[in-house]
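J.: Dumping the structure here so I can ask a few things about it.
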Amino acid sequence: MEEDEKKVGKKFDVFVIGSGVAGQTVAKACVAAGLKVAIADRREYGGVCANRGCDPKKVLLGATEAWEKSEQLQGKGLKSMPKIKWKKLQKFKREFTGPVPKGTEENLKKLRIKLYHQSPKFLDENSLTIEGKTVHADKIVIATGYEPRPLPFDGAKYLKESDDFLELKKLPKSILFIGAGYIGMEFAHMAARSGSKVTIIDSSERPLGPFDSDLVNELTEYSKKLGIKFIFKADVKSVTKKKKKFKISYKKGSKSESVKAHAIFNTAGRIPSVSELDLEKGKVDFNENGITVNSFLQSKTNLNVYACGDVSDHDVPLTPLSGRQGYVVGENIINDNKKKLETPVIPSVVFTLPNLASVGYSEEEAKDRYKNVIVKKGSVSKWFNAKRINAPVYAYKIILNERTEEIVGAHILGPEAGETINLFAMAINNKLTAKDIKRMIFTYPSWANDLKSMV
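Going by UniProt numbering, the sequence shown opens with residue 1, and the numbers climb by one from there.
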């Protein structure tokens with residue numbers, strides 16, 4: 001038996017590539033159904049979100065939330081500002097991230113899942129090479145997530161990435177972020193409040209392209225008041241290392257300009273993490289959004305392969321959806337494709353301070369889809385909930401289908417918007433109308449109660 005295995009390689013029912021939320025969900029479901037399962041990861045086990053993404057980011061954010069509220073209440077009951085101790089904050093963050101890899105591995109081992117610590121490469125449609133060995137699997141699941149988009153200009157080797165920011169032992173005196181998306185904006189807000197001089201450079205004409213332009217404009221103006229400098233419609237041409245700083249050369253219109261910073265971070269978006277897999281040998285097709293899959297989350301070109309989480313080209317790359325996709329893939333492997341992915345309306349949030357949150361259609365999308373829409377919007381920093389904490393920015397835009405008065409889109413900029421947007425997600429998924437919301441009895445005074453005034 002051992003001699004045979006050496007000749008043909010190890011055989012598994014299911015081989016999962018990636019140990020984040022999606023990959024773990026599939027592996028656990030399949031092993032519970034009695035299948036022989038292996039899982040591989042080239043980095044620490046537990047995936048991006050728990051180790052170097054959403055979770056550590058929110059821990060670091062906690063200190064800046066306290067700083068922000070203190071700053072707003074100076075002279076209104078508070079008289080001194082807290083100081084963010086970055087080194088101690090990082091130590092606190094490691095209380096969350098530190099146990100994740102070992103704990104994840106121990107949990108998977110208890111389930112008798114075989115663990116590998118390398119990125120495999122496809123040899124053919126059902127075979128992989130990993131750690132110098134060949135393995136075969138009836139089903140292969142790709143759940144490798146996203147990775148930073150490489151930038152092709154001279155000196156790109158000097159750029160740091162989001163992982164590096166979350167591990168910074170000391171905050172640089174000046175930081176430049178290339179890219180004004182989620183990650184760039186969130187990190188810029190943290191760094192500015194923690195004492196860094198921050199610049200953001202982007203080729204677009206504004207930050208956060210997918211979000212409502214009116215609310216993004218308000219957030220941008222407030223960000224400038226924090227000291228964040230924006231350079232829009234600019235293309236970075238090169239980065240050169242000077243004695244203590246880096247020089248970033250860029251072109252804006254017909255003019256060539258430059259700016260210096262102690263550290264530069266690539267926050268120009270993320271791409272599917274598939275470059276090391278040799279997908280062509282496995283006959284697995286992919287595009288810029290990820291592996292092309294059908295409604296069962298199967299590869300369209302190799303039905304023995306499934307893809308779930310961010311790396312699949314199905315829906316948006318958000319952590320809550322990764323778990324749902326992992327569940328669907330597990331069910332389909334066990335029960336031979338009986339479950340299609342049904343995706344509800346999904347809220348998203350940028351954890352700047354204030355939060356910018358969105359769910360459902362934008363104003364433009366709603367006007368394209370419906371004959372007539374009602375747009376209810378306001379900039380309401382004088383409302384009680386904002387005024388009581390002296391929050392300078394609070395705004396909303398709610399979109400209704402005029403014929404039915406159903407809520408079809410909601411966009412909020414303000415304190416706790418990342419929480420209150422969930423109520424609008426519930427409303428849209430359940431086809432609630434403005435009247436339905438107004439009939440609700442919420443606690444008062446609360447952020448949730450403001451929804452009744454928004455609709």
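Note that beta-carbon positions come from the ideal geometry of N, C-alpha and C, so glycine has one too.
Would DSSP call residue 287 helix, strand or coil?
T.: Residue 287: strand per DSSP, three-state reduction.
J.: Provide the residue(s) that pair with residue 306 in DSSP beta bridges, ordered along the chain.
T.: According to DSSP, which records beta bridges pairwise, residue 306 is partnered with 141 and 298.
J.: What's the call for residue 76, buried or exposed, on a 16-neighbour Cβ count within 10 Å?
T.: Under this definition residue 76 is an exposed residue.
J.: Could you tell me the distance, in whole angstroms, from the CA atom of residue 145 to the CA atom of residue 118?
T.: Looking at the two C-alpha atoms, the distance is approximately 15 Å.
J.: Can you tell me whether residue 357 is buried or exposed? The criterion is at least 16 other CB atoms within 10 Å of its CB, across all chains shown.
T.: With 16 or more other Cβ atoms within 10 Å, it is buried.
J.: In the structure shown, what three-state DSSP assignment does residue 485 receive?
T.: Missing from the structure shown is residue 485; the chain here goes from 1 to 455 and no further.
J.: Determine the closest residue to residue 153 out of 248, 253, 432 and 308, with distance taken between C-alpha atoms.
T.: Answer by Cα proximity: 248.
J.: Grouping DSSP H, G and I as helix and E and B as strand, with all else coil, what is residue 272?
T.: If DSSP states are grouped into helix, strand and coil, residue 272 belongs with the strands.
J.: By DSSP, does residue 420 sit in helix, in strand, or in coil?
T.: Residue state, collapsed to three classes: helix.
J.: Measuring alpha carbon to alpha carbon, tell me which residue in 453, 446 and 92 is nearest residue 439.
T.: Per the Cα distances, 453.
J.: Kindly indicate the opening and closing residues of the alpha helix (DSSP H) around residue 83.
T.: Run containing residue 83: none; DSSP gives neither H nor E here.
J.: Determine the DSSP secondary structure at residue 25, reduced to helix, strand or coil.
T.: In the structure shown, residue 25 sits in a helix (DSSP, three-state: H, G or I).
J.: Tell me the DSSP secondary structure of residue 313 in three-state form.
T.: Coil.
J.: Less than 8 Å between the beta carbons of residue 97 and residue 84, yes or no?
T.: Against a cut-off of 8 Å, the Cβ pair of residue 84 and residue 97 comes out as no contact.
J.: Let me know if residue 385 comes out buried or exposed under the rule of 16 or more other beta-carbons within 10 Å of its beta-carbon.
T.: Its Cβ being crowded by 16 or more others within 10 Å, residue 385 is buried.
J.: Could you tell me the distance, in whole angstroms, from the CA atom of residue 442 to the CA atom of residue 400?
T.: C-alpha separation (whole angstroms): 21 Å.
J.: Taking 8 Å as the threshold (C-beta atoms), are residue 262 and residue 226 in contact?
T.: For residue 226 and residue 262, no; Cβs fall outside 8 Å.
J.: Cβ of residue 413 within 8 Å of Cβ of residue 131?
T.: Not closer than 8 Å, so no.
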